[in-house]
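Structure first, commentary second.
Quick look at the structure:
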């Protein structure tokens, strides 16, 4: 009883916009969100650029309509705002409830509070209300409470593919008849914890990231949250609402090679894309555009580029990485980039791979470097690969 | 959809690493928290690789290998893990460095602090390119992993799945989470845990892996028939209705449940939820408990699943885990596990004896 799964609502909050309309405007004007840190007090604030959400925690509290007294993490606030936007965008606040789930993704969870108050946690009782917001489930339950969702909730963490796996699980649960609707996506706030971690790995670029460029030198960290409303095609008929795309294919594969590196030939990336194409029932030549994982690291871009060439042969779709817009939103990247991929279908565009000057010599194709408008885009693929070789590809189709 | 438990591997505060033995005696502690008894990791993990791994990673890989060997499986078709907190030790290393103003130079603790490290390290060890995912939702973490595996079988996308639940406790994390009211304030005797009329649970840890298959094999312990998680959004759940509803959804009535395993913590604030079932719908059912053996942690139902699978396989209830003295039926055919976290996150697992 495989059911079709469609997207009826989108919510996104990132360095390129507080909501979907602002995000669309940034994409249509090729405006990047990368700049200097204003809100996170990181040791490395002057050393690297970041794609920070341009709102303080107080402003986020206000946007989320929450009172300052409660123990909220930045992670939870970002998630609540974006998830509610998706929920309202789909009109779910106006139609009768069906079986609805929430599948959220994060890796740092409430670390943004924990790293500030860790000394207090160890020595005194002044910050006890923040102890239980540290884990990954906290932001998920905050969103569930806000949207009153309780038919199924869970949290996924597969590093930088987390939100793509949340969309994958939501799709499977609807296809298998377990749920009718799922709000799926991810949230991730910038923290000193992971800025320090990525710095120790020596993969932060000192200038805004340059995926697929021969001079690329690492990633630019971003933050934000992005959620989509997935529904069975039947459930989506209720209330005469708009359908933005079908989630037609998904593939999950494990590189099984190294904790933080891809195989030189991108086997895991190839397998994830190949599985997604197979589930969609499409021929690879039907894919018009790939929103690449394209982090800007030496290793990822070669592995992903070669994997794309292996799967698509001489018929390589248009390719770009949108990380020079949003930065690498880590656990939220999968759902944020799924949304940017869907905009290609709804707005007939291909977003550019900003900051690309000289395409790296290891690949035969050249990513798109200028915004393309008024183009027929029917099927798009979005890649998300994570530490541990947790690789996931998703395919979206125009309805 | 039914899954068969075809192999198990458990590292816990009890002597559980030998799958041929089933709790011959119970380990007794008077402690702040229960620590897992480690096997010799060198027998399971290449010592060069093991040197950089923190304790939880080693516990996870080792218990996974024990489960695979037990089932005679070389290559699972999916690897799915659940962990509430991941490697606490690695996270603490980074946080402690940050409060003393040090720059993080060694990336290993950061890499290992990501929650999917264990499932990906197992994949690297096995060179397994199949489906791989990690769930990190408090006391739903392990249950979500099981539900994913059951759905893989339903879809026909895998015939076997290696599923695990892994969590650890450290001195610092105990001290911090005690402030939030999670744990008992003084050391307690684990085997007498239910006699303490004080707030808080006894913290514990463990790594439990299961090789699930969609076919019964010679090594099958039992069948996992259904898994349910329930988030009590409105904080007004009637647990008796939920559990009886779950049983009737499985076309059973309560008299067909031969034992119920309850997540008692000896916690005066939350144990009454279990009492409602024990003195209500399950008053005529043999009632068992397990957290005095392994302590409480987000993936403790991994221990409970191991316990239930072994009871069904051996048709034996070990000494020291009964709550009531109901004689029960001659054959133990079905076991229900019920656990809850702070009366908000509830989970149910139903097991059935293998067909002879």
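Residue numbers (this note's numbering), protein chains in the order written: chain A, 19 to 417; chain B, 14 to 369.
For glycine and all other residues, C-beta sits at the position ideal for the given N, C-alpha and C.
- A residue is called buried when at least 16 other Cβ atoms come within 10 angstroms of its Cβ; residue 157(B) meets this threshold and is buried.
- Taking 8 Å as the CB threshold, residue 183(A) lines the interface with chain B.
- When DSSP assignments are scanned along the segment 252 to 340 of chain A, the uninterrupted stretches of alpha helix (DSSP H) that are 4 or more residues long and fall wholly within it turn out to be 285 to 298, 316 to 330.
- When Cβ-Cβ separations below 8 Å define contact, residue 367(B) makes no contact with chain A.
- When Cβ-Cβ separations below 8 Å define contact, residue 60(B) makes no contact with chain A.
- Taking 8 Å as the CB threshold, residue 168(A) lines the interface with chain B.
- For residue 266(B), the three-state secondary structure derived from DSSP is coil.
- For residue 164(B), the uninterrupted alpha helix (DSSP H) segment begins and ends at 154 to 168.
- Considering only beta carbons, no part of the segment 103 to 117 of chain A lies closer than 7 Å to chain B.
- Put simply, the CB of residue 140(B) is near chain A, with a gap under 8 Å to one of its CB atoms.
- In the DSSP annotation of this structure, the continuous segment of the beta strand (DSSP E) that includes residue 176(B) starts and ends at 173 to 180.
- Here the C-alpha atom of residue 315(B) lies approximately 17 Å from the C-alpha atom of residue 172(A).
- For residue 188(B), the chain A residues whose C-beta falls within less than 9 Å of its own C-beta are 139, 140, listed in chain order.
- If you draw a straight line from the Cα of residue 116(B) to the Cα of residue 290(A), it comes to about 36 Å.
- Under the criterion of beta carbons closer than 8 Å, residue 16(B) and residue 222(B) do not qualify as touching, at roughly 14 Å.
- What residue 137(B) touches in chain A, judged by beta-carbon distance under 9 Å, is 272, 273, 274, 275, 276, 277, 406, 407, going in chain order.
- Closer than 8 Å to the CB of residue 347(B) there is not a single CB belonging to chain A.
- When the alpha-carbon of residue 130(B) is set against those of 267(A), 273(A), 140(A), 316(A), the nearest one is in 273(A).
- Nearest Cα to residue 33(B) within the set 95(B), 40(B), 365(B), 82(B): 82(B).
- Residue 96(A) and residue 160(B) have their C-alpha atoms roughly 28 Å apart.
- Contact between residue 72(B) and residue 220(B) holds: CB atoms are separated by about 4 Å, below the 8 Å threshold.
- The bridge partners DSSP lists for residue 415(A) are 264(A), 397(A).
- Looking only at 20(B), 96(B), 108(B), 279(B), the smallest Cα-Cα distance to residue 87(B) is reached by 20(B).
- The DSSP-derived three-state label of residue 338(B) is coil.
- Residue burial annotation: residue 300(B) is buried, with at least 16 other C-beta atoms found within 10 angstroms of its C-beta.
- Of all alpha-carbon atoms in 366(A), 355(A), 303(A), the one lying nearest the alpha-carbon of residue 392(A) is that of 366(A).
- Contact check for residue 104(B) and residue 126(B): beta-carbon distance about 5 Å, within the 8 Å limit, so the pair qualifies.
- When rounded, the separation of the alpha-carbon atoms in residue 141(B) and residue 90(B) is 8 Å.
- Burial is judged here by how many other beta carbons sit within 10 angstroms of a residue's own beta carbon; residue 206(A) has at least 16 and is buried.
- Interface residue (Cβ-Cβ distance to chain B less than 8 Å): residue 190(A) is classified as such.
- At least one beta carbon of chain A lies nearer than 8 Å to the beta carbon of residue 133(B).
- Taking 8 Å as the cut-off, the Cβ atoms of residue 383(A) and residue 329(A) do not count as close.
- By a beta-carbon distance limit of 8 Å, residue 215(A) contacts residue 120(B). Their separation comes to about 7 Å.
- From the beta-carbon of residue 194(A), the residues of chain B found nearer than 8 Å are 164, 167, 168.
- Put simply, the backbone Cα of residue 290(B) is about 12 Å away from that of residue 277(B).
- Contact between the segment 237 to 245 of chain A and the segment 27 to 47 of chain A is present: three or more C-beta pairs spanning the two stretches fall below 8 Å.
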